[in-house]
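Residue numbers (my numbering): 35 to 124.
A virtual CB, placed ideally from N, CA and C, is assigned to each residue, including glycine.
Take a look at the structure below.
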């Protein structure tokens, strides 16, 4: 029985979310999946994620237009504490 045919769509859509939003590479996802007894190789994850590219390409032109007309150029959400202040960060 092929592993590829048993992959449910919800699991398939979670790979790009973890990879690009949570910065979790496929090899690390493979390790986590092996801990729960469902090891799916990184290469298989990539192939399955490629199948989702068609869905994303439908909205990509609209996102490009929104980004081109946006007023925000850069958004940095990293936190930097001022070391000259005597108080510790919360």
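Asked	Found
Distance, residue 118 Cα to residue 67 Cα	44 Å
Assumed close pair residue 63, residue 52 - CB separation to whole angstroms, cut-off 8 Å	6 Å
Neighbour-count burial assignment, residue 81, 16 or more Cβ in a 10 Å radius	exposed
Buried versus exposed, by CB contacts within 10 Å (16 or more), residue 74	buried
Per-residue DSSP class, three states only, for residue 72	coil
For residue 35, three-class secondary structure by DSSP	Note on residue 35: pLDDT 42, under 50, position unreliable in the model; no value is reported.
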